[in-house]
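As structure tokens, the structure follows; a few thoughts come after it.
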């Protein structure tokens, strides 16, 4: 949980926590509670390792991610086509809520790949991206 390939990168545990935190932030954008442009500007200036905090208990981090992901799926299931087309300011211009959700998927794929790379560096063989 505390291993990282080099100093300055998130640990394995922090990667799992970061995925949950990103979904929590996305939920707030979807609900209209947070402004996307402001969130991205604040996030860009944060030290990600410090903001993520220590993560040492795998089961606790996985439970948080599972609950958060279930909440995200439930929230996304309530969205209409009109909701998905809602436009908002991003850092580089206007985006739709649909774009934000696709960005979350890309973010997760990026970090899941990073987790697999970490585990391979640790000598774990035969990893499946689907968890079985």
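Numbering (my numbering), first residue to last: 48 to 179.
Glycine residues also receive a C-beta, built at the ideal position from the N, C-alpha and C atoms.
Note that the structure is predicted; figures quoted are calculated from it, not measured.
Item, Value
"Please report the distance separating the alpha-carbon of residue 87 from that of residue 147.", "11 Å"
"Who pairs with residue 134 in a beta bridge, going by DSSP?", "143"
"Below 8 Å, can you find three or more Cβ-Cβ pairs linking the region 106 to 119 to the region 61 to 80?", "yes"
"Near residue 48, what residues of its chain come up, given a Cβ to Cβ distance below 8 Å and the 5 sequence neighbours on each side ignored?", "58, 59, 60, 102, 103, 104, 105, 108"
"Anyone know if the C-beta pair for residue 122 and residue 77 falls short of 7 Å?", "yes"
"Measuring alpha carbon to alpha carbon, tell me which residue in 54, 91, 158 is nearest residue 138.", "91"
"Thinking C-alpha only, which one of 170, 62, 84 is nearest residue 157?", "62"
"By alpha-carbon positions, which one of 140, 171, 98 ends up nearest to residue 56?", "98"
"When the Cα of residue 96 is compared with those of 83, 124, 140, 54, which residue comes out closest?", "54"
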